[in-house]
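Asks: Got a structure here, written out as structure tokens. Questions coming.
In the numbering used here, the protein residues as written are 263 to 416.
Below, the structure written as structure tokens:
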């Protein structure tokens, strides 16, 4: 590699193929990059999207709120095809769906924390709520890890 960039870069691969590289700052990890192939409207989402899978290791998340905000930044690209970090290739609706489920989970965790519910109990409650509500999502055991992380947020 001989290209470095702070936020974004454009690479002309020739033949009308333009690739945009996006780094939004520390989020899920410190170095996540999304790659968008413009003519085909294909998004390689890196660690930003997991195709209906609850993240199982968010302990290493650099900044959870930034990660969710970065997911928001992917939607204006209007990809036709999304290639996630884990799971099946999907269309652009994956971005909206993942953002909504993760934001809903975050909001519910904050509600339970404000009610004085422990992180462990909140995790159990939210697994019981979200697993039947989103049966096509994988890894409901990751919800407890997410809830613990949400409880650490201000």
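Think of the CB as a built atom: it goes at the ideal place given N, C-alpha and C, for glycine as much as any other residue.
1) Starting from the C-beta of residue 298, find all residues in its chain whose C-beta is less than 6 Å away, skip the five residues before and the five after it, and write them out in chain order.
2) In chain order, what are the residue ranges of uninterrupted beta strand (DSSP E) at least 3 long that sit wholly in the segment 266 to 342?
3) Tell me residue 352's beta-bridge partners as DSSP assigns them.
4) Is residue 403 near residue 360, with beta carbons less than 9 Å apart?
5) Assess, as a yes-or-no matter, whether the segment 276 to 294 is touched by the segment 322 to 337 under the definition of 3 or more beta carbon pairs within less than 8 Å.
6) Return the first residue and the last residue of the alpha helix (DSSP H) that residue 386 is part of.
Replies: Working from what's here:
1) 282, 305 and 339
2) 270 to 276, 279 to 284, 296 to 299 and 304 to 306
3) 344
4) no
5) yes
6) 381 to 395
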